[in-house]
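Take a look at the structure below.
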Amino acid sequence: MNASTGIRRNRRTALRLGLVALGMFGFGYLLVPLYNVACDVLGLNGKVGRNGPEAVAATSDPSRTVTVEFTAHVSTGLPWEFRPVTKRIEVHPGETVTVNYYARNQADETITGQAVPSVAPGRAAAHFKKIECFCFTEQKLGPREAREMPVQFVVAPELAPEVQTITLSYAFFNVDKAQAAKYGATPADHHDHDHSQGHAAAGGKG
376 MNASTGIRRN
386 RRTALRLGLV
396 ALGMFGFGYL
406 LVPLYNVACD
416 VLGLNGKVGR
426 NGPEAVAATS
436 DPSRTVTVEF
446 TAHVSTGLPW
456 EFRPVTKRIE
466 VHPGETVTVN
476 YYARNQADET
486 ITGQAVPSVA
496 PGRAAAHFKK
506 IECFCFTEQK
516 LGPREAREMP
526 VQFVVAPELA
536 PEVQTITLSY
546 AFFNVDKAQA
556 AKYGATPADH
566 HDHDHSQGHA
576 AAGGKG
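Just so you know, our numbering puts 403 at position 28 of the sequence shown, and the rest follows in order with no gaps.
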């Protein structure tokens, strides 16, 4: 093997190693968005999955009526008033419905909260499809600010016929643990928040 042949081989080897390194970098760069997509779809890591209109498109069944009740809870450490504007409605499976919750920051400073939803009975959760919801993102309210927060949903026609009432509940938490402690939150309250998000990731939340 002469010197020129060795140089060419070394260049080819270096080129191959460079391509491998570039490919590994590109794969690592894509891992984060791919992970986020997986979390959104599967409801992992505390992320609440959402259903677009194309995912919940269904024909309304006017022959059947389901009662949907709405409740609200505010965690210690979040000085907000939070309640459903409408406490109960009758819907037809397959019908797209929009309701509102009301939130008001009672403090003299800006506070950011995160709502964690739950659906009861548990077997109805898979058939309660949220299209748009304030629980998909954190909600920031300025001092004394009030706002109505919409929820758009569909009850899937596949819901078991013996399920005649569904309850949609939201628990609102202060995302800033230090700020929450100032308003009376304890480590147990933070544990409840983490447990609620973990339960949502496991599929217990709608």
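Built from N, CA and C at the ideal position, the CB exists for glycine as well.
Should residue i be labelled buried (16 or more other beta-carbon atoms within 10 Å of its own) or exposed?
i: Ile-486; result: buried
i: Ser-493; result: buried
i: Gly-517; result: exposed
i: Ala-553; result: exposed
i: Ile-464; result: exposed
i: Arg-387; result: exposed
i: Lys-462; result: exposed
i: Ala-501; result: exposed
i: Gln-539; result: exposed
i: Lys-504; result: buried
i: Pro-536; result: exposed
i: Pro-459; result: buried
i: Pro-562; result: exposed
i: Arg-391; result: exposed
i: Ala-555; result: buried
i: Ala-521; result: exposed
i: Tyr-404; result: Note that Tyr-404 scores a pLDDT of 38, beneath 50, so its modelled location is shaky; the value from the coordinates is reported in the next line. Exposed is the call here.
i: Val-407; result: The predicted position of Val-407 is uncertain, since its pLDDT is 43 and thus under 50; no value can be drawn from it.
Please name the residue, chosen from the options, that lies closest to residue i on a Cα-to-Cα basis.
i: Pro-496; options: Ser-544, Ala-556 and Arg-391; result: Ser-544
i: Asn-483; options: Val-526, Arg-387 and Tyr-558; result: Looking at the sequence shown, residue 483 is not Asn but Asp. Out of Val-526, Arg-387 and Tyr-558, Tyr-558 has the C-alpha closest to the C-alpha of Asp-483.
i: Gln-489; options: Glu-533, Phe-457, Phe-528 and Thr-442; result: Phe-457
i: Ile-506; options: Arg-522, Val-526, Pro-459 and Ala-499; result: Val-526
i: Thr-434; options: Ala-560, Ala-531 and Thr-540; result: Ala-531
i: Pro-437; options: Pro-454, Trp-455, Gly-469 and Pro-459; result: Gly-469
i: His-467; options: Val-529, Thr-542, Ala-546 and Cys-508; result: Val-529
i: Val-491; options: Arg-439, Glu-523 and Phe-511; result: Phe-511
i: Met-524; options: Glu-533, Leu-534 and Cys-508; result: Cys-508
i: Ala-560; options: Glu-513, Thr-473, Ile-541 and Pro-454; result: Pro-454
i: Glu-498; options: Glu-533, Arg-439 and Phe-547; result: Reading off the sequence, residue 498 comes out as Arg, not Glu. Here the closest residue by C-alpha is Glu-533.
i: Val-443; options: Thr-542, Lys-515 and Phe-547; result: Thr-542
To which residues does DSSP link residue i through a beta bridge?
i: Val-449; result: Phe-547
i: Tyr-558; result: None, per the DSSP bridge assignment.
i: Lys-505; result: Phe-528
i: Arg-458; result: Tyr-477
i: Glu-444; result: Arg-463 and Thr-542
Taking only heavy atoms of the ligand COA into account, decide whether any of them is closer than 7 Å to the Cβ of residue i.
i: His-502; result: The ligand COA is absent from the structure shown, which contains no ligands of any kind.
Between the region 462-479 and the region 442-451, are three or more C-beta pairs nearer than 8 Å? yes
Only counting runs of 4 or more residues, tell me where the alpha helix (DSSP H) segments fall wholly within the region 470-523, in order along the chain. none
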